[in-house]
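See structure below.
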Amino acid sequence: MLLRPRLSLLRAVAPRPVPPPPRASLPVRRTLSSPAGAARTASAGDAPPPAQRTGPKGGRKSAPPPPHPRGSSVNPALFFPPGVDRDAAVAAEMVIPASNIVVGPYAGDSRVKEAEFVMSSARARDCPKDDRPEFAVLGRSNVGKSSLINALIRRKEAALTSKKPGKTQTINHFLVNKSWYLVDLPGYGFAAASQSARTDWSSFTKGYFLNRDTLVGVLLLVDASIPPQKIDIDCANWLGRNNIGLTYVFTKCDKSKKGKGGRPEENIKEFQETISSLYPEPPPWIMTSSVTGLGRDGLLLHMSQLRNYWDNEATMSSAAAGGAIWN
Ligand SMILES: Nc1nc2c(ncn2[C@@H]2O[C@H](COP(=O)(O)OP(=O)(O)OP(=O)(O)O)[C@@H](O)[C@H]2O)c(=O)[nH]1
Ligand SMILES: [Mg+2]
């Protein structure tokens, strides 16, 4: 079995959030609201660690990246994948549309040729035990996790969706091209769920993240059709504290309503302003719509570069005696 260089790799592919300051001074904007019950799911046990603002740019309040970044030289808002020097000049064609993600040398064939549902697991330890890399799709109930998976694999109802939150209740593995997995997870923050269901979510999904050595990264879905929600920031902080790399995937970018908080571009900008001080380097983000297909090909391309890097590093790691290079 290949040795998986999990911690080092994840630090390399996506920046960790800088630990936020104590709760009282968290850079949370007033619009970062979530139902009190819902917030308990991820925030009670997930309060950020006490004041440890260690990152050099921890207090920086930089301008948020535009929704469609383009640049011909270094752009501090871009996400640089493995293999691309931060000082490299970046041509517009190197940036995935509607994202801040630079395409690097590890990007490869990202077509989905076949995909199949493999299994549902009620417990993390029941998940497939092979060595294939996987991406977990995470986010609030109803954010569009199952819909995104269907859009990525171009199958209408491979993952079951619903207007009512709380549809997906187990860990669902979908095998793509017989070589990697997409994993559909139950959503968090479902206010109507019972306290015991919320506690279960926490222990069982956190168990999955903490024990899944084949996890390349998390697609953290954020609903762009509503204002930023504190529970999503709490979730990102929890992943960061556990060295799990993430890509922010903004969903429902086709959905626009009149009035405050109804425009995806505004909501994304506000979300980025909120998280900008949490990261020493900009995390990757991309805008998507499972209705129009926006972002689908770009997201698959981004996942191909993370996956190929993972495979490459895993091979190097198994070749090195005892995987010592990762110590
Ligand atoms: N307009 C629009 N609607 C979407 C999009 N993605 C999902 N939806 C709708 O949002 C609702 C929830 O979608 P799901 O994919 O079931 O959401 P989920 O995150 O899997 O939800 P849970 O399984 O309950 O956690 C459904 O009615 C979808 O049709 C999108 O990109 N645009
Ligand atoms: Mg679902």
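Going from the sequence shown to my numbering is simple: count from 1 and add 15. C-beta: ideal position from N, C-alpha, C; glycine also.
First through last residue of the alpha helix (DSSP H) which encompasses residue i
i	result
Thr289	279 to 291
Asp249	245 to 256
Ser161	160 to 168
Separation of residue j from residue i, as counted between CA atoms
i	j	result
Leu315	Gly276	29 Å
Arg322	Val110	18 Å
Pro243	Glu285	7 Å
Asp326	Asp100	20 Å
Pro297	Ala113	15 Å
Gln287	Trp253	18 Å
Trp300	Lys160	16 Å
Ala251	Leu235	8 Å
Glu172	Asn165	6 Å
Leu190	Val133	6 Å
Ser58	Ile290	Interpretation of Ser58 is limited by its pLDDT of 32, a score under 50 that renders its predicted location unreliable; the figure taken from the coordinates is listed afterwards. Taking the straight line from one Cα to the other gives about 16 Å.
Tyr223	Ala139	5 Å
Gly308	Leu197	17 Å
Asn157	Gln184	12 Å
Ile238	Lys272	Reading off the sequence shown, one finds Asp at residue 238, where the question assumed Ile. Each residue's Cα considered, the two are about 13 Å apart.
Asp141	Phe95	35 Å
Pro180	Asp102	44 Å
Lys182	Ala137	14 Å
Ala107	His188	35 Å
Glu328	Pro295	24 Å
Thr262	Glu131	24 Å
Ala92	Gly260	17 Å
Nearest-angstrom Cβ-Cβ length linking residue i and residue j, presumed shorter than 8 Å
i	j	result
Ser135	Ile186	7 Å
Ser304	Lys245	24 Å between Cβ atoms; not a contact.
Val233	Leu153	5 Å
Asn192	Val118	About 20 Å separates the two Cβ atoms, so there is no contact after all.
Pro97	Tyr324	4 Å
Element boundaries [beta strand (DSSP E), containing residue i]
i	result
Ile186	186 to 191
Asp199	195 to 199
Gly154	149 to 154
Asp238	230 to 238
Ile301	300 to 302
Asp261	Position check: residue 261 holds Leu in this sequence, whereas Asp was assumed. From DSSP, the beta strand (DSSP E) with Leu261 extends over 261 to 266.
Per DSSP, the bridge partner or partners of residue i
i	result
Phe94	Ile116
Met109	Answer is none; Met109 lacks a bridge partner.
Glu131	Leu190
Ser136	Ile186
Tyr203	Arg155
Beta-carbon gap between residue i and residue j smaller than 9 Å
i	j	result
Arg147	Ser177	no
Arg155	Gly202	yes
Ser319	Ala151	no
Val264	Gly310	yes
Arg227	Glu129	no
Leu200	Gly255	no
Asn221	Ser240	Reading off the sequence, residue 221 comes out as Lys, not Asn. Contact: no.
Ala317	Ile168	The residue you asked about is not Ala; residue 317 is His in the sequence shown. No, the Cβ-Cβ distance between His317 and Ile168 is not below 9 Å.
Asp312	Ser162	no
Residue i at chain B interface by Cβ criterion, 9 Å
i	result
Asp141	Among the protein chains of the structure shown there is no chain B, as only one such chain exists.
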